[in-house]
Amino acid sequence: MSDDDDTRADNVSTRFDRLPEREADREVAGRPSREAVLDFWDDRFGVDPAVFEGYTFWERGNGKIWAFAGELETPVDIEALGMSFMRTRQEHWKPTTEAVQRFGHHASRNVIDLSRSEAEALLAGHSQEIEWGGDWGYLIASHEIAGASEPIGVGLYVHGELRSQIPKGRRREF
Amino acid sequence: MDDVLARYEPIVDDFEAFRAACERPLPSAIRVNTIKTTVERARRGLEEADLAAEPVEWHPGLFRLPEDQPGANWPYTHGWIHGQEEVSAVPAAVLEPQPGERVWDACAAPGSKTTQLAALMDDSGLVVATDNNLGRLSALRSNTERLGATCVAVTNEDARNHSLKPFGGMEYDRALVDVPCSCEGTIRKNPDTLEEWTLDHVEGISGVQKGILTRAIKATREGGTVVYSTCTFAPEENEAVLDHVLDSGECRLVEFDLSLESRPGVTEWQGREFDPAVAQAKRIYPHHNDTGGFFVAKLEVTA
Chain F
118 MSDDDDTRAD NVSTRFDRLP EREADREVAG RPSREAVLDF WDDRFGVDPA VFEGYTFWER
178 GNGKIWAFAG ELETPVDIEA LGMSFMRTRQ EHWKPTTEAV QRFGHHASRN VIDLSRSEAE
238 ALLAGHSQEI EWGGDWGYLI ASHEIAGASE PIGVGLYVHG ELRSQIPKGR RREF
Chain R
31 MDDVLARYEP IVDDFEAFRA ACERPLPSAI RVNTIKTTVE RARRGLEEAD LAAEPVEWHP
91 GLFRLPEDQP GANWPYTHGW IHGQEEVSAV PAAVLEPQPG ERVWDACAAP GSKTTQLAAL
151 MDDSGLVVAT DNNLGRLSAL RSNTERLGAT CVAVTNEDAR NHSLKPFGGM EYDRALVDVP
211 CSCEGTIRKN PDTLEEWTLD HVEGISGVQK GILTRAIKAT REGGTVVYST CTFAPEENEA
271 VLDHVLDSGE CRLVEFDLSL ESRPGVTEWQ GREFDPAVAQ AKRIYPHHND TGGFFVAKLE
331 VTA
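Chain order of the listed sequences is F and R. Using my numbering, read the first sequence as starting at 118 and increasing by one per residue. Using my numbering, read the second sequence as starting at 31 and increasing by one per residue.
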């Protein structure tokens, strides 16, 4: 599950298409709407849609969604536009590590607080058994640092186990 | 290698101290990424990670790491800090981009300055980051992602032919032109830098620099600001490039403050005289502030 890694050079010639506002405006089959993206962050993590007010959302490649802090006319044929934000290809949508680190502090649910050693295991890419009374699925993994909670990345919680979704290129062992 | 530095004896004061400083290794430095945290919290995070960090006086959020910097620590993982040589933070600070503006970073990889621009703009507006090297762009991409910059758009092209088309054709408010150069000023970090040095290369790259700066001036609106910088001492790549664009009559050099010790741009080099205005550029030498070497000039677009 390391498809977060968008630093590869093989996306070169593809372009960015802006997400339609609503499902009804959709012209490309399977492309999510802005509304659906905001609903996902709200339903899953309790992030207020107002957080994303100044952002536009774009798709490049199938199901790779980007967040850009501004407006441009669609389509845009360049290398990168803002931040890679989430993946909507699979049944369960998944935020990127970058999006969770940048916006995860707005989340009010499905956030799992890790101890320092659990945080280190997550960052190293390991799976670990952890108790969690909430929903299964993608969680925002956070830990306490410098006096406050700080999101690290995404963990997939299933069968009593938290599986690290930190992309290979960003895993570290201290 | 030939003694490349000797050519600068006529323009550098206390030449022996200059030479001695060039031979000393450079302390590593970091910049706090205010897109993702505050300077205070980053400082606390560094303390918790047992990383000694001394604040750099001339620029808030820059720290020197007296002990060599370990790559893996929590502040880095969270994108709170970015390894960036002290003088490399100069050009973005001199450009002073404002939130909401349109800014072009003409030679952007690996993205230290791009992300610094985005941070200075509170990650709002537009930073277009251009580089002609795809491999280096991938380093830029991983930096913009880790540092959480969302107002950056990346293009892969020769800056001399930069197209405004994807961005609605509107000119920029500001442009940062930190050009590829002979990198003499990085000798403290890369002691091999001067081994490949040739005058042919310096003169060749000077043509590229003129082309990129010319494009940046054209792509910036009247009254807008362009900052030109290099990490070399060579006047061929510094004042001669400014002299060239001043001839076009489309820009003027302006004065600016910098709390680092510096020397004015040189108006004469090897019998050649430059436009006297180039004295408004600043030369930063390793022996004055214990940094790398750098050159920076601020221009106002007048046409």
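From the three backbone atoms N, C-alpha and C, an ideal C-beta is built for every residue, glycine too.
Between which two residues does the alpha helix (DSSP H) containing glutamine 146 of chain R stretch? Mapped onto the second sequence, residue 146 of chain R falls at position 116. Run containing glutamine 146 of chain R: 142 to 150, per the alpha helix (DSSP H) assignment.
Counting only Cβ pairs nearer than 9 Å, list the residues of chain F close to histidine 108 of chain R. For this step, residue 108 of chain R is matched to residue 78 along the second sequence. Those are Gln218, Ile262, Glu267, Pro268, Ile269, listed as they occur along chain F.
Give the DSSP-derived three-state secondary structure of glutamine 282 of chain F in the structure shown. For this step, residue 282 of chain F is matched to residue 165 along the first sequence. In the structure shown, glutamine 282 of chain F sits in coil (DSSP, three-state: anything other than H, G, I, E or B).
Given this structure, state the Cα-to-Cα distance separating glutamate 214 of chain R from asparagine 163 of chain R, to the nearest angstrom. One-based indexing of the second sequence puts residue 214 of chain R at position 184. One-based indexing of the second sequence puts residue 163 of chain R at position 133. Near 21 Å, if we compare the C-alpha coordinates of asparagine 163 of chain R and glutamate 214 of chain R.
Methionine 372 of chain F touches chain R at which residues, Cβ-Cβ below 7 Å? Within the shown structure, residues of chain F are numbered from 118 to 291, placing residue 372 of chain F beyond reach of any answer.
Would you say methionine 31 of chain R reaches chain F, if we count a Cβ-Cβ gap shorter than 8 Å as a contact? Here residue 31 of chain R refers to the residue found at position 1 of the second sequence. Model confidence at methionine 31 of chain R stands at a pLDDT of 46, short of 50, so the residue's coordinates are unreliable; what they give is reported in the following sentence. It does not; no Cβ of chain F falls within 8 Å.
How close, in whole Å, do the beta carbons of glycine 270 of chain F and leucine 279 of chain F come, if the pair is a contact with beta carbons under 8 Å? Stepping through the first sequence from its first residue, residue 270 of chain F is reached at position 153. Stepping through the first sequence from its first residue, residue 279 of chain F is reached at position 162. Beta-carbon to beta-carbon, glycine 270 of chain F and leucine 279 of chain F are separated by about 11 Å, too far to satisfy the 8 Å threshold.
Here's the rule I'm using: 16 or more other beta-carbon atoms within 10 Å means buried, otherwise exposed. How should asparagine 191 of chain R be labelled? Within the second sequence, residue 191 of chain R is the residue found at index 161, counting from 1. Per the 10 Å Cβ criterion, exposed.
Please classify cysteine 281 of chain R: does DSSP put it in a helix, a strand, or coil? Taking the first residue of the second sequence as 1, we reach residue 281 of chain R at position 251. It is a strand residue.
With 16 as the cutoff for other CB atoms within 10 Å, does aspartate 160 of chain F come out buried or exposed? Sequence index remark: in the first sequence, residue 160 of chain F carries index 43 (1-based). So aspartate 160 of chain F ends up on the exposed side.
In the structure shown, what three-state DSSP assignment does glutamine 207 of chain F receive? Residue mapping note: residue 207 of chain F aligns to position 90 of the first sequence, counting from 1. Glutamine 207 of chain F: coil per DSSP, three-state reduction.
Member of R:Asp273, R:Ala327, R:Ile41, R:Val86 whose CA lies at the smallest distance from the CA of isoleucine 60 of chain R: Reading the second sequence from its first residue, position 30 is the one you call residue 60 of chain R. If we check each option's Cα against that of isoleucine 60 of chain R, R:Val86 comes out closest.
Closer than 8 Å is the cut-off here; do at least three beta carbon pairs connect the segment 197 to 207 of chain R with the segment 250 to 260 of chain R? yes
Counting only Cβ pairs nearer than 7 Å, list the residues of chain F close to lysine 143 of chain R. Numbered from 1 along the second sequence, position 113 holds the residue referred to as residue 143 of chain R. Going along chain F, no residue has its Cβ under 7 Å from lysine 143 of chain R, so there is no contact; the nearest lies around 16 Å.
Can you tell me whether aspartate 120 of chain F is helix, strand or coil according to DSSP? Reading the first sequence from its first residue, position 3 is the one you call residue 120 of chain F. Confidence is the limiting factor: at aspartate 120 of chain F the pLDDT is only 43, short of 50, which leaves the residue's position unreliable and the question unanswerable from this model.
Give a yes or no on contact between the segment 188 to 207 of chain F and the segment 175 to 194 of chain R, applying the rule of three or more CB pairs nearer than 8 Å. yes
Mind checking whether isoleucine 247 of chain F and glycine 221 of chain F have CB atoms under 8 Å apart? Within the first sequence, numbered from 1, the residue matching residue 247 of chain F stands at position 130. Within the first sequence, numbered from 1, the residue matching residue 221 of chain F stands at position 104. No, the pair does not count as a contact, with Cβ atoms beyond the cut-off.
With a Cβ-Cβ cutoff of 8 Å, do leucine 272 of chain R and alanine 333 of chain R count as a contact? Locating residue 272 of chain R in the second sequence gives position 242, counting from the first residue. Locating residue 333 of chain R in the second sequence gives position 303, counting from the first residue. No, they are not a contact pair.
Where does the unbroken beta strand (DSSP E) through serine 244 of chain F begin, and where does it stop? Within the first sequence, residue 244 of chain F is the residue found at index 127, counting from 1. Residue range 244 to 246 is occupied by the beta strand (DSSP E) that includes serine 244 of chain F.
Short CB-CB distance (under 8 Å) between arginine 289 of chain F and chain B: In the displayed structure, chain B is absent; the protein chains listed are F and R.
At what residue ranges does the segment 144 to 209 of chain R contain a whole run of the alpha helix (DSSP H), taking only runs of 4 or more? 164 to 176
Three-state class that DSSP yields for alanine 79 of chain R in the structure shown: Locating residue 79 of chain R in the second sequence gives position 49, counting from the first residue. Alanine 79 of chain R: coil per DSSP, three-state reduction.
Name the one or two DSSP bridge partners that isoleucine 314 of chain R has. What you label residue 314 of chain R is simply residue 284 of the second sequence in a count that begins at 1. Looking at the DSSP assignment, isoleucine 314 of chain R forms a beta bridge with R:Phe324.
Counting contacts by CB-CB distance shorter than 8 Å, is threonine 216 of chain R in contact with chain F? Stepping through the second sequence from its first residue, residue 216 of chain R is reached at position 186. Chain F contact via Cβ: absent.
Strand pairing of tryptophan 104 of chain R, partner residues [DSSP]: In the second sequence, counting from the first residue as 1, residue 104 of chain R sits at position 74. Paired residue(s): none; tryptophan 104 of chain R is not in a bridge.
Under 8 Å, with one C-beta from each stretch per pair, do the segment 231 to 246 of chain R and the segment 299 to 311 of chain R reach the 3-pair mark? no
Span of the alpha helix (DSSP H) around valine 217 of chain F: Residue numbering aside, residue 217 of chain F sits at position 100 when the first sequence is read from its first letter. Residues 214 to 220.
Which one of F:Val193, F:Phe291, F:His223, F:Arg206 has the shortest CA to CA distance from leucine 337 of chain R? Given that chain R is displayed from residue 31 to residue 333, the structure contains no residue 337 of chain R and the question cannot be resolved.
CA-CA distance, alanine 224 of chain F and phenylalanine 185 of chain F? Here the question's residue 224 of chain F lines up with position 107 in the first sequence. Here the question's residue 185 of chain F lines up with position 68 in the first sequence. Each residue's Cα considered, the two are about 20 Å apart.
What is the residue span of the beta strand (DSSP E) that threonine 223 of chain R lies within? Here residue 223 of chain R refers to the residue found at position 193 of the second sequence. Neither: threonine 223 of chain R is in no beta strand (DSSP E) and is coded neither H nor E.
Return the CA-CA distance between aspartate 122 of chain F and phenylalanine 202 of chain F, expressed in angstroms with no decimal places. In the first sequence, the residue the question calls residue 122 of chain F occupies position 5. In the first sequence, the residue the question calls residue 202 of chain F occupies position 85. No answer about aspartate 122 of chain F holds up, because its pLDDT of 43 lies below 50 and its placement is not dependable.
Strictly by DSSP, which residues pair up with serine 58 of chain R? Residue mapping note: residue 58 of chain R aligns to position 28 of the second sequence, counting from 1. Bridge partners of serine 58 of chain R: R:Leu95.
Cβ of valine 257 of chain R within 8 Å of Cβ of valine 207 of chain R? Residue numbering aside, residue 257 of chain R sits at position 227 when the second sequence is read from its first letter. Residue numbering aside, residue 207 of chain R sits at position 177 when the second sequence is read from its first letter. Cβ distance < 8 Å, so valine 257 of chain R and valine 207 of chain R count as in contact.
What do you get for serine 232 of chain F, buried or exposed, if any count of 16 or more other CB atoms within 10 angstroms of its CB means buried? Start at 1 with the first residue of the first sequence, and residue 232 of chain F comes out as number 115. Under the 10 Å beta carbon count, serine 232 of chain F is surrounded by fewer than 16 other beta carbons and is classified as exposed.
So, for proline 127 of chain R: in the same chain, excluding its five sequence neighbours on each side, which residues have a beta-carbon less than 7 Å away from its beta-carbon? Translated into positions along the second sequence, residue 127 of chain R becomes position 97. Closer than 7 Å at the Cβ level, and outside the excluded window around proline 127 of chain R, lie Val133, Leu147, Leu150, Met151, Arg204.
The alpha helix (DSSP H) that contains threonine 244 of chain R, what's its start and end? As a first step, residue 244 of chain R must be located in the second sequence, where it is residue number 214. Where threonine 244 of chain R is concerned, the enclosing alpha helix (DSSP H) stretches over 229 to 249.
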